[in-house]
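Worksheet: the structure to be examined is printed underneath.
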Amino acid sequence: MTKKRRIIFIVVCLIIIVGICSFVIWLNHEPSSPSSDAIETETKKKQELKIEVDGTNVTVKNAVPIISDFDNREGGEAVIPDFYNTGADLTQPMLTPEYYVQEGYLEKRENDYVMKLQSSSFDEETLLFENIFFADLPLFLANNNQVSPTGTIEFRNCYFSEGINLTNDIQKQLIFTNCDFLTEPVSASNSQFYHCKFYESYGDALQIGANVILQDSYIFNNGLGDPEKYHSDGIQIAGFGHTDAHNISIDNVRIEMPRVYPHYGHNSAMLIKMDMANGYDMSFKNMILNGGAFTLYLVPTDYEMKDLHFENLRFGNTSEWGPVYTNESLGNVDGWAGQEVINCDMQSTVYVSSVRKEDGSFIFCATNETEASRKLRVETDLGVTTIEVPPVLTVKQAQKKKASYEAMNIDLPFEVAAGSWIKIYDGKELIRYKNFAE
Numbered sequence: 167m168t169k170k171r172r173i174i175f176i177v178v179c180l181i182i183i184v185g186i187c188s189f190v191i192w193l194n195h196e197p198s199s200p201s202s203d204a205i206e207t208e209t210k211k212k213q214e215l216k217i218e219v220d221g222t223n224v225t226v227k228n229a230v231p232i233i234s235d236f237d238n239r240e241g242g243e244a245v246i247p248d249f250y251n252t253g254a255d256l257t258q259p260m261l262t263p264e265y266y267v268q269e270g271y272l273e274k275r276e277n278d279y280v281m282k283l284q285s286s287s288f289d290e291e292t293l294l295f296e297n298i299f300f301a302d303l304p305l306f307l308a309n310n311n312q313v314s315p316t317g318t319i320e321f322r323n324c325y326f327s328e329g330i331n332l333t334n335d336i337q338k339q340l341i342f343t344n345c346d347f348l349t350e351p352v353s354a355s356n357s358q359f360y361h362c363k364f365y366e367s368y369g370d371a372l373q374i375g376a377n378v379i380l381q382d383s384y385i386f387n388n389g390l391g392d393p394e395k396y397h398s399d400g401i402q403i404a405g406f407g408h409t410d411a412h413n414i415s416i417d418n419v420r421i422e423m424p425r426v427y428p429h430y431g432h433n434s435a436m437l438i439k440m441d442m443a444n445g446y447d448m449s450f451k452n453m454i455l456n457g458g459a460f461t462l463y464l465v466p467t468d469y470e471m472k473d474l475h476f477e478n479l480r481f482g483n484t485s486e487w488g489p490v491y492t493n494e495s496l497g498n499v500d501g502w503a504g505q506e507v508i509n510c511d512m513q514s515t516v517y518v519s520s521v522r523k524e525d526g527s528f529i530f531c532a533t534n535e536t537e538a539s540r541k542l543r544v545e546t547d548l549g550v551t552t553i554e555v556p557p558v559l560t561v562k563q564a565q566k567k568k569a570s571y572e573a574m575n576i577d578l579p580f581e582v583a584a585g586s587w588i589k590i591y592d593g594k595e596l597i598r599y600k601n602f603a604e
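What follows is the structure, encoded as structure tokens:
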């Protein structure tokens, strides 16, 4: 063989070897994080709803089915809330508010729908409003003090795209289950919220007065307005109209409030500052808090603040100035402004929220609010794979990239072949398990 032919032969062999290696690597590639563009496209797609109205019936196109992840909550550790397991399931047949106008429970005015609670129909012990799609006007509840305080008014699987105004004179207990709240802050007393979603408001997401339960719910991407005009907290507790804030229970609630382009106006994930009344008897458990200038802003004032209990809170890495701010100038320096604090720390692992089975695949959402990329070991009855989860962008990274909320690496979707069950580990720690055969 001539020298020239030997060189050609060697080159051809190298090309074949490289090709075989590339093919083997392709066959055994590990799932990787989707790009920011892909994430943003998916998020826009799931939130760009197309509405078709036929009489009082509403059909919503591009809606995402909601997973019932919290059914067995008492049987073990609570599932972390996210976009896919909280809020209204708009794939269900929905109704316009006009349906309840015709039934005599609502009245349509120029700027809102009003629920006239002085109506004799509200003397019933329990009233259920289900599958209402408030697309163009907010709901206003009036004259609560003119009806019997016994019984409940429940909203189930409702979508409030223009907010809801709950006056401070609530008498009956209000219950919201699997509801969406957009655009405007929700101010609530004597209210219970389960599996709800609060997002894309210009100001605060939820302003809490007294006698409120918030459980298994998700608050995210609020603060869309100009910070010169809007104050934007995820949860704000300051007292309403000189009525003490008390009897408040918040459990398994996740708040994502990173300061993102274009306004960077997200103030705090949770603010507790008694500006208008005293605050006492409050419990905050099993929360994930991320973002804001300070993530938790806890400040005593001239009003009394006591008997606050914080337990199992985890803080993400995207606050601008730090996870917790307390005003120690009043000498109240034990714990957080003198309150009880148990097992509260920075997030140390990736967390996996919803897991769903779709078209032969397990799809799960993972968020890494630590400081570096982390690898997850994913086991199913079909095999084992390793997935790398990049960290959520820091404030500096987000500002440099002019990142929108959708590009922050929050709730990244990952996909593996589906069997009957899935276990996900961060290091040796099991962070998520779901058995679809049970």
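Heads up: the sequence shown begins at 167 in this note's numbering, then just goes up one per residue.
All residues carry an ideal CB built from backbone N, CA and C; glycine is no exception.
- Taking C-alpha positions only, P304 is separated from T349 by approximately 10 angstroms.
- G457 places its beta carbon 8 angstroms or farther from that of C362.
- Q563 sits in a helix when the DSSP states are folded into three classes.
- Shortest Cα-Cα distance from D382 to any of V419, E296, E269 involves V419.
- Scanning its chain for C-beta atoms nearer than 6 angstroms, with the 5 sequence neighbours on each side dropped, one finds around S415 the residues I379, S449, in chain order.
- For Q268, the uninterrupted alpha helix (DSSP H) run begins and ends at 264-268, by DSSP.
- No alpha helix (DSSP H) of 4 residues or more sits fully in the region 341-370.
- Note that the region 523-536 touches the region 579-589; at least 3 beta-carbon pairs, one per stretch, sit closer than 8 angstroms.
- In the structure shown, Y571 adopts helical secondary structure according to DSSP, grouped into three states.
- F602 carries a coil assignment under DSSP once its states are collapsed to helix, strand and coil.
- It is roughly 19 angstroms from the alpha-carbon of Q565 to the alpha-carbon of A435.
- Shown here for T257: same chain residues with a beta carbon closer than 6 angstroms to its own, the five before and five after excluded, namely A229, P231 in chain order.
- Of the other Cβ atoms in all chains shown, fewer than 16 fall within 10 Å of the Cβ of V550; this residue is therefore exposed.
- As a beta-bridge residue in DSSP terms, A411 pairs with G445.
- Here I403 carries a strand assignment [DSSP, helix/strand/coil].
- Beta-bridge analysis with DSSP links Q505 to W502.
- DSSP places Y250 outside both helix and strand once states are collapsed to three, so it counts as coil.
- In this structure, DSSP gives V516 a state outside helix and strand, which the three-state scheme calls coil.
- Taking K227 as the centre and dropping the five residues before and after it, the same chain places the C-beta of L215, K216, I217, E218 closer than 8 angstroms to its C-beta, in chain order.
- Beta-bridge annotation (DSSP): M453 is paired with L479.
- In the structure shown, H397 falls within a coil segment according to DSSP collapsed to helix, strand and coil.
- Listed in chain order, the non-local C-beta contacts of D346 below 7 angstroms within the same chain comprise G253, A254, Y325, F326, K363, local neighbours out to five positions each way being set aside.
- Relative to S398, the option among H408, N452, Y463, H412 whose CA is nearest is Y463.
- Under the 10 Å beta carbon count, D592 is surrounded by 16 or more other beta carbons and is classified as buried.
- Listed in chain order, the non-local C-beta contacts of Q373 below 6 angstroms within the same chain comprise P351, S353, Q402, local neighbours out to five positions each way being set aside.
- In the structure shown, L303 falls within a coil segment according to DSSP collapsed to helix, strand and coil.
- Looking at the DSSP output, Y491 sits in a beta bridge with Y463.
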